[in-house]
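Report on one structure; see the data block that follows.
Residue numbers (the working numbering): 5 to 143.
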């Protein structure tokens, strides 16, 4: 039961996991000063999140998650696909911006985009006010 719920909540959880991995790789990884590494990890996180959302959308996997606090239906999955696609474009288009601004940390910037995408996906699937509040706080 819990694995099915985690599978359905994947479009919300995956960007947050990708952001956490991005921060950990930047903190402990070799060559953490290279902005291309965080760029590639940010792209990978958005592509995986988009693909997972699209897979659930095309497969028709819907349902309530975590005691009906999240409603993963077709509309929420369409919104998740749009959100993760926009996050992909944001990461893709920000590469030149980050090269022009050496004062902005690329890993933090990409992690912020992924966490914001997770908050927007949580807002799209929220079924009660607590999740709306959490989604707005993540956003």
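Backbone N, C-alpha and C fix where the C-beta goes; we use that ideal spot for every residue, glycine too.
Less than 8 Å separates the beta-carbon of residue 73 from that of residue 135. Residue environment for residue 81: buried (at least 16 other C-beta atoms within 10 angstroms of its C-beta). Ranked by how close their Cα comes to the Cα of residue 61, the residues 78, 125, 48 and 53 have 78 in first place. The Cβ atoms of residue 108 and residue 50 do not sit closer than 8 Å to each other. The three-state secondary structure of residue 74, taken from DSSP, is strand. In chain order, 39, 42 and 102 place their CB closer than 6 Å to the CB of residue 110, counting only its own chain and leaving out the 5 sequence neighbours on each side.
Residues 50, 117 and 121 of the same chain have their beta carbon placed closer than 6 Å to that of residue 91, with the five preceding and five following residues left out of the count.
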